[in-house]
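Residue numbers (the working numbering): 1 to 124.
Heads up, the thing below is written out as structure tokens.
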Amino acid sequence: MNIFLWIVAGVLAAFFLAAGITKLSQSKEKLQAGQMKWVEDFSAGTVKFIGAVELLGAIGLILPAALDIAPILVPLAATGLAVIMIGAIVTHGRRKEFPPVAINVVILILALLVAIFRFGPNSF
């Protein structure tokens, strides 16, 4: 189970690393012109904040356990990313953008899986 959780955490970290870097490195207008139409509902600062939190969450999924420094941060990061996914589901649902909701639900389930098992039976 430990290897499975590492794989799931790695996949989540890669996803959130890419998403966070994208939001931090591109303007709101460029994001809106692409596939992130939802950014029109938020200020540029909020979009950058979401990107920064995603980036920190990605780091928090891997580094604390890999370096054996405060490994309790791994399930906390997974919990925080689950909260972000709940916000994403609500945002896309309000905008009637249902394909992204399905993706967000899968990511939410994976984040909750890591959080529950790293807090509980497979903690570090």
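We put the CB at the ideal spot given by N, CA and C, even for glycine.
All values reported here derive from a predicted model rather than from experimental measurement.
Element boundaries [alpha helix (DSSP H), containing residue i]
i	result
Phe16	Asn2 to Ser25
Lys96	Run containing Lys96: none; DSSP gives neither H nor E here.
Ile50	Ala44 to Leu67
Ala33	Lys28 to Ala33
Nearest-angstrom Cα separation, counted from residue j out to residue i
i	j	result
Pro121	Gly80	20 Å
Phe117	Leu67	19 Å
Asn2	Ala82	20 Å
Pro100	Leu76	24 Å
Leu31	Ala13	21 Å
Minimum C-alpha distance to residue i - residue among the options
i	options	result
Ala44	Gly34, Gly60, Ser27 and Ala33	Ser27
Leu5	Leu61, Ala33, Thr46 and Gln32	Leu61
Val74	Ser123, Lys30, Ile109 and Thr46	Ser123
Leu63	Met1, Gly10 and Ile3	Gly10
Leu112	Val8, Met1, Asn2 and Lys30	Val8
Thr46	Ala65, Pro100 and Leu24	Leu24
Ala78	Pro100, Leu110 and Ala14	Leu110
Phe42	Thr91, Thr22 and Leu76	Thr91
Given 8 Å, three or more beta-carbon pairs between the stretch 30-43 and the stretch 81-101: Enough Cβ pairs lie closer than 8 Å, so yes.
At least 3 beta-carbon pairs within less than 8 Å: the stretch 103-113 vs the stretch 79-89: Proximity of the stretch 103-113 to the stretch 79-89 meets the contact definition, three or more beta-carbon pairs being nearer than 8 Å.
Segment contact, 8 Å Cβ cut-off, at least three pairs: the stretch 51-58 with the stretch 5-22: Yes: at least three Cβ pairs fall under 8 Å.
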